[in-house]
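Numbered per this note's numbering, the sequence shown spans residues 270 to 407. First the structure, in the form of structure tokens, and then the observations on it.
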Amino acid sequence: MKSGWGSEAGGGHAEGTSALLAGLADSLDRSATALASPALLQESELGDVLGALDRVAARTHALLVAVAREGLARGLHQEAGFSEVDWVRLVCPGLASRTAIEIAMVARAAQQRVHVPLADASRTGRCRCTGRRRSCGR
270 MKSGWGSEAG
280 GGHAEGTSAL
290 LAGLADSLDR
300 SATALASPAL
310 LQESELGDVL
320 GALDRVAART
330 HALLVAVARE
340 GLARGLHQEA
350 GFSEVDWVRL
360 VCPGLASRTA
370 IEIAMVARAA
380 QQRVHVPLAD
390 ASRTGRCRCT
400 GRRRSCGR
């Protein structure tokens, strides 16, 4: 069966992935409900919440790159008749245009052997040269 963006749907982990995504959506909905009134949070909690949301966003972007990389490696963009960036925009319509471009560029670059450190840092969120979270600036 074809999915909406040109690949064969289904596979070995389809049911597990569906359950995982449903659980993720449910957790996000519960978190959004709990944080719907930030005015009720203490000052120290505001910083904690922003930091936690930043970590979630960073991990989400790393996952977007990993999945986009796999899709590009499988040629799903070509199968659907799109460029890499346009395919990412198609399957992730909620992303800002610049974010979609960055995800497609990093996913494409990560396929090349010379960019293995970039792919590792994107996947793990850690810089290889320092072992710290985020970029070391090098």
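From the three backbone atoms N, C-alpha and C, an ideal C-beta is built for every residue, glycine too. This one's a predicted model, so the numbers in the text were calculated from it and none came from an experiment.
Contact belief for residue i with residue j at Cβ below 8 Å, rounded distance in angstroms
| i | j | result |
| --- | --- | --- |
| Ile372 | Ala337 | 5 Å |
| Ala369 | Val385 | Their Cβ separation, rounded to whole angstroms, is 23 Å, which puts Ala369 and Val385 out of contact at 8 Å. |
| Cys361 | Leu322 | Actually they do not touch by this definition, with Cβ atoms about 19 Å apart. |
CA-to-CA distance, residue j to residue i, given in whole angstroms
| i | j | result |
| --- | --- | --- |
| Thr302 | Arg382 | 43 Å |
| Thr286 | Leu293 | 10 Å |
| Gly350 | Leu315 | 45 Å |
| Glu324 | Asp295 | In the sequence as presented, Glu is not what sits at residue 324; that position holds Arg. One C-alpha to the other measures close to 18 Å. |
| Ser313 | Ser300 | 18 Å |
| Gly340 | Glu348 | 10 Å |
| Leu290 | His330 | 15 Å |
| Leu297 | Ser306 | 15 Å |
| Leu359 | Leu304 | 30 Å |
| Ser366 | Ala283 | 29 Å |
| Gln417 | Ser352 | The question about residue 417 has no answer here: the residues shown for the chain are numbered 270 through 407. |
| Ala288 | Gly363 | 22 Å |
| Asp317 | Met374 | 31 Å |
Residue i vs residue j beta-carbon contact at 8 Å
| i | j | result |
| --- | --- | --- |
| Leu387 | Ala379 | yes |
| Ala335 | Arg392 | yes |
Residue burial classification, residue i (beta-carbon count within 10 angstroms, cutoff 16)
| i | result |
| --- | --- |
| Val357 | buried |
| Leu319 | exposed |
| Leu345 | buried |
Check: residue i C-beta below 7 Å from any heavy atom of the ligand SAM
| i | result |
| --- | --- |
| Glu353 | With respect to small molecules bound, the structure shown includes none, and the ligand SAM cannot be examined in it. |
Closest residue to residue i among the options (Cα-Cα distance)
| i | options | result |
| --- | --- | --- |
| Ala390 | Arg299, Ala327 and Ser313 | Ala327 |
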